[in-house]
Amino acid sequence: MPVTEREQLAATARAAGLHLTPKDVSDLLPAWKRYLGLVEQLRAAMTPEDWDDVG
Amino acid sequence: MTSAEPLTAAPLVEIARSLRQRRVSPLELVDAYSRRIEAASNLHAFITLPGERARQAARRAETRLARGEAGALLGVPIAVKDLFATRAIRTTAGSRILKDWVPSRDAAAVGRLRAAGAIIFGKTNLHEFAYGVSNANPWWGVARNPHDPTRSPGGSSGGSAIAVVAGLCAGALGSDTGGSIRIPAALCGCVGLKPTFGAIPLEGAIPLGWSLDHVGPLARTVGDVGLLLDVLSGLDAGRRARRASTHGLRVGLLKGPIVQKVQPRVSHQVEAAAAALRRRGLKVREITIPEMEWTVATQLVTLRAEASAVHRRWIRTRPRAYGADVRTRLQLGTLVGGADYVLAQRMRGRLRAAIGRIFEEVDVLLLPTTPITAPVVGDRTVRWRAGDEPVDGALVRLTAPFNLTGLPALSVPFGQADGLPVGVQVVGPWMNEARVLAVGRLIEELAEA
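These protein sequences, in sequence, are chains A and B.
Note that our numbering has the first sequence beginning at 1, numbered continuously upward.
Note that our numbering has the second sequence beginning at 56, numbered continuously upward.
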């Protein structure tokens, strides 16, 4: 089981069919963390009524 | 015939008129521009130079002009961002992957330029695959700002903006997915229009984000951009804008958190433009659109996913064929989940509804095009009191909302800050380019005053 963010990213990338070198993972990690932060903000910004028609 | 040299930096409409009146020949003009391109080679505005093919087109245009043929752009040299397919002319998209691609057909927009008589005048530099706003292209040269070559011209249509501002063509074609026409127009000091989504066909432009991509012109005046828009769209917004009255129009000056992080001297110019409009009889009021706070997140998720869908094969099989920044963005995009993409589209709907409501209260929006003037080449971070912001994020923060909503948005130069150009942005309702251009024209007039 991947435990660190870095391992998690490498595992996710492998699952998506990417072949990343350790340097690729290092280059991608800051962008990946920023991405996760922005998505979290979007999720938080959606009020419950925004989700009413989903389920 | 007079010398073409003084005309090279003239407005496109004046160049077209001089050609029709046979005061200058297309060949003289092409040769004058070619000399200027050579002298400005340090700016890396072009990937493929106009060359002999442009001279041949100039000779054909000369024959047609001599026969008295008409054409809105007959004999006018127009530079084309190297993202657009051009028949028999190499089209690289600023990449190494497509370095040898010679299309057999023109993109639709290029075809419309040719049909109006334009000379396709070289292919301009861009951020690789248009995926970035620095225009620091690792394969074709780092494009440089004509006002200060230590600074970035912005991108991704940076080469087109440089060519317009440095007098290397009469006008240029660009594309805009998050601000790629308006950002370089603002940082270099020319006019750039992103029309309503779909107003100019995208066919033959190498896609970046299908739901965000727009085609549009860059030129030295609002009138020039209006003429190019009419040719490219087949509509008449540019012509209508020339007759439209702006008196009494309601202008919404954007305030709120999204414009809090703006360089004070940029803010000062936007406020000055608003004050000048008020003096000319427009009704200016301050407005806020809180939903714009989510622009960067919404744009990022949408674009990362869409661009990686475009490049899904190459990013897996040839990752080393991309420059480092574009490779990282594309790899990140392959990790965007479907649920995240849907979340971003739902937020996009909220943004679209919020801005739509604002246009029930005002006729146009006014805001800075970019929060900063041209950054130094290689700068990656903007330092604000409230914290650091990536340069590329800052540059798209005020332009991307109108890619997400598809609304027409124009950048017009208005003064300078520390010797560098400042662009103000005018945004209008869906398909109302005429109103946007009319207000832009007035701002241009006020800037000259």
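Idealized CB from N, CA, C, for every residue including glycine.
The model shown is predicted, which means the values in this text are computed figures rather than measured ones.
{"Asked": "A7 (chain A) classed as buried or exposed, judged by whether at least 16 other C-beta atoms fall within 10 angstroms", "Found": "This sequence places Glu at residue 7 (chain A); Ala is not what is there. The residue in question, E7 (chain A), is exposed, as its Cβ has fewer than 16 Cβ neighbours within 10 Å."}
{"Asked": "Through-space distance from G17 (chain A) to Q471 (chain B), alpha-carbon basis", "Found": "48 Å"}
{"Asked": "P345 (chain B) beta carbon less than 9 Å from that of P319 (chain B)", "Found": "no"}
{"Asked": "Residue-chain proximity (G55 (chain A), chain B), Cβ-Cβ < 9 Å", "Found": "Any reading at G55 (chain A) must be qualified, since the residue scores a pLDDT of 48, below 50, and its modelled position is unreliable; the value itself is stated next. No, G55 (chain A) lies away from the interface with chain B (no Cβ there is under 9 Å from its Cβ)."}
{"Asked": "Bridge-paired residues (DSSP) for T21 (chain A)", "Found": "T21 (chain A) is not bridged to any residue."}
{"Asked": "Simplified DSSP state of D447 (chain B), which is helix, strand or coil", "Found": "helix"}
{"Asked": "Below-9 Å beta-carbon distance, R371 (chain B) vs any chain A residue", "Found": "yes"}
{"Asked": "Cβ-Cβ separation, I342 (chain B) to I413 (chain B) (assumed contact under 8 Å), whole Å", "Found": "6 Å"}
{"Asked": "Under 8 Å from the C-beta of V356 (chain B): neighbouring residues of chain A", "Found": "Y35, L38, V39, L42"}
{"Asked": "Short CB-CB distance (under 9 Å) between M402 (chain B) and chain A", "Found": "yes"}
{"Asked": "9 Å Cβ cutoff met for V419 (chain B) and V491 (chain B)", "Found": "yes"}
{"Asked": "Distance CB(T181 (chain B))-CB(S207 (chain B)) smaller than 9 Å", "Found": "Looking at the sequence shown, residue 181 (chain B) is not Thr but Leu. Against a cut-off of 9 Å, the Cβ pair of S207 (chain B) and L181 (chain B) comes out as no contact."}
{"Asked": "Inter-residue CB distance, F184 (chain B) and I261 (chain B) (contact presumed, cutoff 8 Å)", "Found": "7 Å"}
{"Asked": "Helix, strand or coil at A230 (chain B) [DSSP, three-state]", "Found": "It should be noted that the sequence gives Ser, not Ala, for residue 230 (chain B). Correct three-state label for S230 (chain B): strand."}
{"Asked": "Residues from the region 442–473 of chain B in contact with chain A, defined by Cβ distance under 7 Å", "Found": "none"}
{"Asked": "Beta-carbon proximity of P105 (chain B) to I175 (chain B), cut-off 9 Å", "Found": "yes"}
{"Asked": "Distance between A143 (chain B) and T350 (chain B) (C-alpha atoms, nearest Å)", "Found": "39 Å"}
{"Asked": "Test item: CB-CB of A163 (chain B) and E60 (chain B) under 9 Å", "Found": "no"}
{"Asked": "Collapsed DSSP secondary structure at R320 (chain B) in the structure displayed", "Found": "helix"}
{"Asked": "Neighbour list for A31 (chain A) in chain B, Cβ cutoff strictly below 8 Å", "Found": "T383, R384, L387"}
{"Asked": "Option in B:R237, B:S363, B:P256 with minimal Cα separation from R382 (chain B)", "Found": "B:S363"}
{"Asked": "Interface flag, T353 (chain B) vs chain A, CB-CB below 9 Å", "Found": "yes"}
{"Asked": "G222 (chain B) beta carbon less than 9 Å from that of N190 (chain B)", "Found": "no"}
{"Asked": "V277 (chain B) - partner residues in DSSP beta bridges", "Found": "Paired residue(s): none; V277 (chain B) is not in a bridge."}
{"Asked": "Any 3 or more C-beta pairs closer than 8 Å across the region 383–397 of chain B and the region 435–449 of chain B", "Found": "no"}
{"Asked": "Residue ranges of each beta strand (DSSP E) within the region 383–444 of chain B, 3 or longer", "Found": "419–423, 436–439"}
{"Asked": "T12 (chain A): contacting residues in chain B (beta-carbon distance under 7 Å)", "Found": "L390"}
{"Asked": "Chain A residues whose Cβ lies nearer than 9 Å to that of L398 (chain B)", "Found": "V39, L42, R43, M46"}
{"Asked": "Separation of L497 (chain B) from R334 (chain B), as counted between CA atoms", "Found": "12 Å"}
{"Asked": "Sequence-distant residues of the same chain with beta carbon closer than 6 Å to E444 (chain B), five excluded per side", "Found": "V437"}
{"Asked": "Chain A within 9 Å of R335 (chain B), Cβ atoms only", "Found": "no"}
{"Asked": "Neighbour-count burial assignment, H19 (chain A), 16 or more Cβ in a 10 Å radius", "Found": "exposed"}
{"Asked": "Beta-bridge partners of V467 (chain B), as assigned by DSSP", "Found": "B:V479"}
{"Asked": "Beta-carbon proximity check, V477 (chain B) vs L422 (chain B), cutoff 9 Å", "Found": "no"}
{"Asked": "I175 (chain B) - containing beta strand (DSSP E), residue span", "Found": "174–179"}
{"Asked": "Minimum Cβ-Cβ distance from R75 (chain B) to chain A less than 9 Å", "Found": "no"}
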